[in-house]
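Position one of the sequence shown corresponds to residue 1046 (this note's numbering), numbered consecutively onward.
Cβ coordinates follow ideal geometry from the N, Cα and C atoms, glycine included.
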Amino acid sequence: MLMSGKKGIVLGIANKKSIAYGIAKACREQGAELAITYLNERFGKKLEPIAEELGCSSRLYPCDVSKPEEIEALRDSLEKDFTKIDFIVHSIAFAPKEGLGGHFIDIGKEAFNVAMDISVYSLIEISRVLKPLMSEGASILTLSYHGGVKYIPNYNLMGVAKAALEMTVRYMAEDLGRDGIRVNAISAGPIKTLAAAGIGDFSFMLKWNAAHSPLRRNISIDEVGKSGMYLLSELSSAVTGEIHYVDGGFNIMGMPAVEFDEDGKPHIAWNGE
Ligand code: NAP
């Protein structure tokens, strides 16, 4: 029970396919007490069975991160129900459709600002507002993607947001390190979720990742969950400012590995669908 006695808030569960759900489940299985959030009433109703399963039916709070007053209300609820918190999971991103395909230089200023606000600034704001509640040794975790480091087709605006998010993790790690608070990100490989459905040609991305990863397959939210639990627990007590890849090794490849069939013909071998 690696998370026994730990209390934390998980933002970004839309359904049981969400990466945040995988992380919440792994933490709960290791004894953590959770609170979770939803974007608006429509999604809140859908989250009730998940909250029940995660043992937090009474700690299901609204929080649209674009509304500062909702982040402050979240702090008040957490203070009332938990007094102190030991971890925050920020698993939230959004970019308007025009930012996830087409010509990169056609992205408008408004779309750019919305993506940066929800996908990047929210991590800073949530951490600042919840900081008075955070225990020494507390851990903050966010979610990134390799498209913030290298070009990935159609990831466009979200790539720029993830680059900013990864740098935010490093600056926050330094700033909060003096209070014993750690800040890390997981850079996950592609997973079919609601957010991913908005990215053009996502199924091709999945195939490409499986074909070109050392493990020759895609990853699951349970695998991100286990790694997330590690970064939120004492197991990673000296780890901060890191971007930890959970992607089957895709990011290390400079060229796909070629194998040869019986006739000596080269091909790319993989186990995916
Ligand atoms: P997801 O299940 O759709 O989760 C995204 C979450 O962000 C949803 O719960 C969504 O809420 C929430 N959200 C969007 N705008 C919000 C706002 N204004 N206030 C509060 N919440 C808001 O998709 P996911 O793939 O698990 O995404 C989680 C994180 O992982 C994101 O940062 C994503 O970029 C990252 N990531 C995903 C992949 C992948 O391939 N799936 C890979 C690497 C990194 P609603 O659903 O209620 O709108």
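| said: Given a cut-off of 8 Å on the beta-carbon distance, is the pair I1244 and L1145 in contact? | reply: yes
| said: Less than 6 Å between C-beta atoms, sequence neighbours within five positions excluded: which residues of the same chain meet that for M1217? | reply: The answer, listed in chain order, is V1228.
| request: Answer yes or no: the CB of C1108 versus the heavy atoms of ligand 1, is any distance below 7 Å? | output: yes
| Based on the DSSP secondary-structure assignment, which residues constitute the bridge partners of Y1290? | S1232
| task | With a threshold of 16 other CB atoms inside 10 Å of the CB of E1318, please say whether the residue is buried or exposed. | result | Reliability fails at E1318, whose pLDDT of 46 lies under 50, so the model's placement of it is uncertain and the value that follows must be treated cautiously. E1318 comes out exposed.
| field | Delimiting residues of the beta strand (DSSP E) encompassing A1183 | value | Bounds of the beta strand (DSSP E) holding A1183 are M1179 to S1189.
| field | Inter-stretch contact (C-beta, 8 Å, three-pair minimum) for the stretch 1254–1274 and the stretch 1202–1210 | value | no
| Coarse secondary structure for F1157, derived from DSSP in three states | helix
| query | Going by beta carbon distance, what residues of the same chain come within less than 6 Å of P1235, once the five residues before and after it are set aside? | reply | Cβ neighbours of P1235 within its own chain (closer than 6 Å, five residues either side excluded): M1250, L1251 and N1254.
| request: Answer yes or no: the CB of F1139 versus the heavy atoms of ligand 1, is any distance below 7 Å? | output: F1139 Cβ: within cutoff of ligand 1.
| Considering only the beta carbon of each residue, do A1230 and T1285 sit closer than 8 Å? | Cβ atoms of A1230 and T1285: not closer than 8 Å.
| query | Per DSSP, what kind of secondary structure is A1077 in: helix, strand or coil? | reply | coil
| said: When you measure from the CB of L1105 to every non-hydrogen atom of ligand 1, does any distance come out below 7 Å? | reply: no
| task | Could you check the C-alpha separation between F1157 and M1203 for me, to the nearest Å? | result | 9 Å
| query | When we look at the beta-carbon of T1238 and count the other beta-carbons within 10 Å, is it buried (16 or more) or exposed? | reply | buried
| said: Please report the distance separating the alpha-carbon of L1105 from that of G1293. | reply: When the Cα atoms are used, L1105 and G1293 turn out to be separated by approximately 33 Å.
| task | Give a single yes or no on whether G1057 has its beta carbon closer than 7 Å to a heavy atom of ligand 1. | result | yes
| When L1168, S1281, G1147 and S1189 are compared against D1246, the one with the closest alpha-carbon | G1147
| message | ligand 1 and E1166: does the residue's C-beta get closer than 7 Å to at least one heavy atom of that ligand? | response | Here residue 1166 is Tyr; the residue named in the question, Glu, does not match the sequence. No, ligand 1 has no heavy atom inside 7 Å of this Cβ.
| request: Determine the closest residue to I1133 out of E1097, P1177 and G1299, with distance taken between C-alpha atoms. | output: P1177
| query | Under the three-state reduction of DSSP, which class applies to F1305: helix, strand or coil? | reply | strand
| query | For D1267, which of helix, strand or coil comes out of DSSP? | reply | Helix.
| task | Could you have a look at Y1200 and say whether DSSP puts it in helix, strand or coil? | result | coil
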